[in-house]
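Working notes for the structure below.
Residue numbers (our numbering), protein chains in the order written: chain E, 1 to 149; chain P, 1 to 239.
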């Protein structure tokens, strides 16, 4: 839960704001990061995968994570996962090297509706067990009916 | 932090001192400079659209549900426009005074949003105006309220990410620092083409003097669209 996780040196006030923002977002009253529509992602389908980080792109208007995920045949396939913008990730507890190539992580995402290997990263469990949100909302457990690998 | 007004010294300086359990904070109600973050509550939840613009919104929502969302300027890393800048978004705004306070700058952290308010002139003549994202903004003080009047907003067309406005949109903001850490922006949208009546709402901003505005340049936009308008993403960074 991001409200209870990382501290930054100037984070006390930011965290207070963040928790207000999370509450509002969860209540459906505020777009947390509204750069574009998320229509291409299936918001009703939260899937969780074990993954290996290939690259973390600390960028705007969105940060991205390239990860390798094993398919049904056990072959590693590259996925592109969209996060919030770096300016927001910073306030949500991320740093430019929160994840690094080779890290073994667990990613929860809303997949692309068209079946391409990509999605909107909702949360990630880091190698040390810490959970971070990719979108400024509290990481949610896999919903009933969602798949997990 | 609960605060109360303890004293109002030196009226000529317009200085107010608020005290609470964390000490006292002096501020000038006319000093709006610094970094402000909008609270999550939005000033407008619905818009009284004319039938023509209500039909546009209905179509946009249908397209969204079909995976073909309306593409606002922000999607191309262009500015969001004044209406959306002051009413939506999870990014702070920094306010600067220039030229002895005769010009006031508002800079939002995302996509280079910067607009200037001129306190030393009226609106430009109509033949000098053209469609802009942030329009022609002029301002003046009414007591401790900064009144900002903006016209010529035809370069963008949304109140938020989807609700349409027209090139006739006229925005009046009344900004008032109601306490050391709170700035209220009473915003009126008047749009004879898109709205049946003018609407007024209040955006609330909190002061964050400890924050810094970070760099926000679109170096990795991966949003893509196929020939049918379906939205997807690129699987690799775009040049």
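By construction, the Cβ of each residue, glycine as well, lies at the ideal position given by its N, Cα and C atoms. Small disclaimer: the values here were computed from a predicted structure and weren't measured.
From the listed residues P:203, P:155, P:179, the smallest Cα separation to residue 92 (chain P) is found for P:203. Judged by DSSP in its simplified three-state form, residue 73 (chain E) adopts coil rather than helix or strand. Residues of the stretch 59-74 of chain E with a C-beta atom less than 9 Å from some C-beta of chain P are 59, 60, 61, 62, 63, 64, 66, listed in chain order.
Out of P:113, P:234, P:201, P:171, the CA that lies nearest to the CA of residue 192 (chain P) is found in P:171. By the rule that beta-carbons nearer than 8 Å mark a contact, residue 222 (chain P) touches chain E. The bridge partners DSSP lists for residue 104 (chain P) are P:97, P:117. Within the stretch 39-113 of chain E, the beta strand (DSSP E) runs of at least 3 residues that lie entirely inside it are, in chain order, 47-57, 64-70, 76-82, 104-111. With fewer than 16 other Cβ atoms from the protein chains shown falling within 10 Å of its own Cβ, residue 141 (chain P) counts as exposed.
C-alpha of residue 84 (chain E) to C-alpha of residue 62 (chain E): approximately 5 Å in a straight line. Counting along the chain, the unbroken beta strand (DSSP E) around residue 174 (chain P) starts and ends at 170-179. Using beta-carbon distances, residue 97 (chain E) does not count as an interface residue toward chain P, since no partner is under 8 Å. Runs of the beta strand (DSSP E) spanning 3 or more residues and lying entirely within the stretch 148-172 of chain P do not occur at all.
Going by DSSP, residue 56 (chain P) is part of the alpha helix (DSSP H) stretching over 51-65. For residue 37 (chain P), no alpha helix (DSSP H) run applies; the uninterrupted beta strand (DSSP E) run containing it begins and ends at 34-38, by DSSP. Taking 9 Å as the upper bound on Cβ-Cβ separation, chain E lies near residues 206, 208, 210, 211 of the stretch 181-211 of chain P.
CA-to-CA, the gap between residue 72 (chain P) and residue 17 (chain P) works out to about 43 Å. Around the Cβ of residue 102 (chain P), a 10 Å sphere holds fewer than 16 other Cβ atoms; the residue is exposed. Contacts with chain E (Cβ-Cβ distance below 8 Å) from the stretch 75-101 of chain P involve 75, 77, 88, 89, 90, 91, listed in chain order. The contact set of residue 69 (chain P) on chain E, defined by CB atoms closer than 9 Å, consists of 36, 37, 38, 39, 40 in chain order. Taking the beta carbon of residue 102 (chain E) as reference, no residue of chain P falls within 7 Å; the closest one sits roughly 20 Å away. For residue 234 (chain P) and residue 67 (chain E), the gap between their C-alpha atoms comes out near 15 Å.
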